[in-house]
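First comes the structure, then the notes that go with it.
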Amino acid sequence: KQEVTQIPAALSVPEGENLVLNCSFTDSAIYNLQWFRQDPGKGLTSLLLIQSSQREQTSGRLNASLDKSSGRSTLYIAASQPGDSATYLCAVYSGGGADGLTFGKGTHLIIQP
Amino acid sequence: DTAVSQTPKYLVTQMGNDKSIKCEQNLGHDTMYWYKQDSKKFLKIMFSYNNKELIINETVPNRFSPKSPDKAHLNLHINSLELGDSAVYFCASSQASLYNEQFFGPGTRLTVL
Numbered sequence: 007k008q009e010v011t012q013i014p015a016a017l018s019v020p021e022g023e024n025l026v027l028n029c030s031f032t033d034s035a036i037y038n039l040q041w042f043r044q045d046p047g048k049g050l051t052s053l054l055l056i057q058s059s060q061r062e063q064t065s066g067r068l069n070a071s072l073d074k075s076s077g078r079s080t081l082y083i084a085a086s087q088p089g090d091s092a093t094y095l096c097a098v099y100s101g102g103g104a105d106g107l108t109f110g111k112g113t114h115l116i117i118q119p
Numbered sequence: 092d093t094a095v096s097q098t099p100k101y102l103v104t105q106m107g108n109d110k111s112i113k114c115e116q117n118l119g120h121d122t123m124y125w126y127k128q129d130s131k132k133f134l135k136i137m138f139s140y141n142n143k144e145l146i147i148n149e150t151v152p153n154r155f156s157p158k159s160p161d162k163a164h165l166n167l168h169i170n171s172l173e174l175g176d177s178a179v180y181f182c183a184s185s186q187a188s189l190y191n192e193q194f195f196g197p198g199t200r201l202t203v204l
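Which chain is which? The protein sequence lines are A and B, in order.
Counting in my numbering, the first sequence runs from 7 upward without gaps.
Counting in my numbering, the second sequence runs from 92 upward without gaps.
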């Protein structure tokens with residue numbers, strides 16, 4: 007059974023810093039990995055989707071990498087801003103329909119102005 | 092211009108009642124989903140529905156049933172509500188399946204008294 011772990015559970019950094027959020031998964035046989043952000047009381051916003059054949063994806067100040075063999079993905083946020091404060095979730099899809107999607111518990115990120 | 096919308100945003104009801112949550116997407120996607128996020132913020136997929144094919148997460152009680160009047164809508168019906176059903180329920184959609192990027196609605200906070 008796939009397990010997804012996100013470390014750290016919470017992170018607080020000053021504005022302007024570059025930072026890395028981690029996502030690890032136990033079964034490397036995945037189809038894709040998606041990073042989301044969730045703001046308090048809101049739904050999830052898709053940030054980046056990495057297919058299993060890809061090594062990384064970039065969107066603006068965000069860069070997500072995927073190392074399937076080691077069961078790891080990182081989300082790199084450059085030049086962090088207070089508006090980046092949110093909970094960041096990764097989700098791994100291993101195939102087989104609904105049972106094959108597993109979310110991590112998220113990293114709660116606070117960017118101090 | 093909301094891509095995935097849900098109503099109501101909040102739902103408070105008594106144990107034993109039957110309730111529904113509506114979801115609509117205007118993205119032209121083929122597949123829609125329902126998720127449950129519990130008090131610990133753990134997110135779990137409940138159903139995926141694509142072209143009349145319903146895939147159910149095996150852990151979901153049969154008191155929960157999705158109904159799709161058309162491709163753009165997937166409503167969630169819950170019978171005989173229990174205290175443990177209290178959670179935030181998210182609707183989502185994707186182009187074809189979980190191989191594709193998912194887009195989430197804003198969530199419905201259900202409280203069962």
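Think of the CB as a built atom: it goes at the ideal place given N, C-alpha and C, for glycine as much as any other residue.
Source: prediction; values computed, not measured.
Sheet register partners of residue i (DSSP bridge)
{"i": "A/TYR82", "result": "A/VAL26, A/ASN69"}
{"i": "A/ASN38", "result": "A/GLN57, A/TYR99"}
{"i": "B/ARG154", "result": "Partner(s): none; B/ARG154 has no beta bridge."}
{"i": "B/PHE138", "result": "B/TRP125, B/ILE147"}
{"i": "B/ASN108", "result": "According to DSSP, B/ASN108 bridges with nothing at all."}
{"i": "B/PHE133", "result": "DSSP output for B/PHE133 lists no bridge partner at all."}
{"i": "B/ASN117", "result": "According to DSSP, which records beta bridges pairwise, B/ASN117 is partnered with nothing at all."}
{"i": "A/LEU107", "result": "A/TYR99"}
{"i": "A/GLN63", "result": "A/ALA70"}
{"i": "A/THR93", "result": "A/GLN44, A/HIS114"}
Residue i to residue j span [Cα, whole Å]
{"i": "B/LEU145", "j": "A/LEU68", "result": "34 Å"}
{"i": "B/LEU189", "j": "B/ILE112", "result": "22 Å"}
{"i": "A/GLN8", "j": "A/ILE36", "result": "9 Å"}
{"i": "B/LYS127", "j": "B/ALA187", "result": "21 Å"}
{"i": "B/GLY119", "j": "A/LYS74", "result": "31 Å"}
{"i": "A/LYS48", "j": "B/GLU115", "result": "17 Å"}
{"i": "A/SER76", "j": "B/GLY198", "result": "34 Å"}
{"i": "B/VAL179", "j": "B/ARG200", "result": "4 Å"}
{"i": "B/MET123", "j": "B/LYS143", "result": "11 Å"}
{"i": "B/LEU102", "j": "B/SER171", "result": "15 Å"}
{"i": "A/ASN24", "j": "B/ASP109", "result": "48 Å"}
{"i": "B/TYR140", "j": "B/ALA183", "result": "10 Å"}
{"i": "B/SER96", "j": "B/SER130", "result": "22 Å"}
{"i": "A/ARG78", "j": "B/ALA94", "result": "31 Å"}
Same chain only: Cβ atoms within 6 Å of residue i, ignoring 5 sequence neighbours per side
{"i": "A/GLN63", "result": "LEU54, ILE56, ALA70"}
{"i": "A/GLN40", "result": "LEU55, ALA97"}
Proximity of residue i and residue j at Cβ, strictly below 8 Å
{"i": "B/ASN153", "j": "B/PHE138", "result": "no"}
{"i": "A/LEU107", "j": "A/TYR94", "result": "no"}
{"i": "A/SER52", "j": "A/PHE42", "result": "yes"}
{"i": "B/VAL203", "j": "B/THR104", "result": "yes"}
{"i": "B/LEU167", "j": "B/PRO160", "result": "no"}
{"i": "A/THR125", "j": "A/GLY110", "result": "As displayed, chain A neither begins before 7 nor continues past 119, which places residue 125 of chain A out of reach and without an answer."}
{"i": "B/PHE155", "j": "A/LEU50", "result": "no"}
{"i": "B/LYS136", "j": "A/ALA104", "result": "The residue asked about is misnamed: residue 136 of chain B is Ile in this sequence, not Lys. Closer than 8 Å, so yes."}
{"i": "A/ALA97", "j": "A/GLN44", "result": "no"}
{"i": "A/VAL19", "j": "A/SER65", "result": "no"}
{"i": "B/LYS162", "j": "A/GLY112", "result": "no"}
Which of helix, strand or coil DSSP assigns to residue i
{"i": "A/PRO88", "result": "helix"}
{"i": "B/LEU189", "result": "coil"}
{"i": "B/LEU183", "result": "Per the sequence shown, residue 183 of chain B should be read as Ala rather than Leu. The answer is strand: DSSP assigns B/ALA183 an E or B state."}
{"i": "A/ALA16", "result": "strand"}
{"i": "B/LEU201", "result": "strand"}
{"i": "A/LEU50", "result": "strand"}
{"i": "B/LEU174", "result": "helix"}
{"i": "B/THR93", "result": "coil"}
{"i": "A/GLN8", "result": "coil"}
{"i": "B/THR98", "result": "strand"}
{"i": "B/LEU167", "result": "strand"}
Beta-carbon proximity list for residue i, same chain, < 7 Å, skipping 5 on both sides
{"i": "A/ASP90", "result": "ILE83, LEU115, ILE117"}
{"i": "B/LEU174", "result": "MET106, VAL203"}
{"i": "B/GLU192", "result": "SER185"}
{"i": "A/ARG61", "result": "SER71, LEU72"}
{"i": "B/ASP176", "result": "ILE169, LEU201, VAL203"}
Sequence-distant residues of its chain with Cβ nearer than 8 Å to residue i (five each side left out)
{"i": "A/THR80", "result": "VAL26, LEU27, ASN28, CYS29, ALA70, SER71"}
{"i": "B/LYS100", "result": "PRO197, GLY198, THR199, ARG200"}
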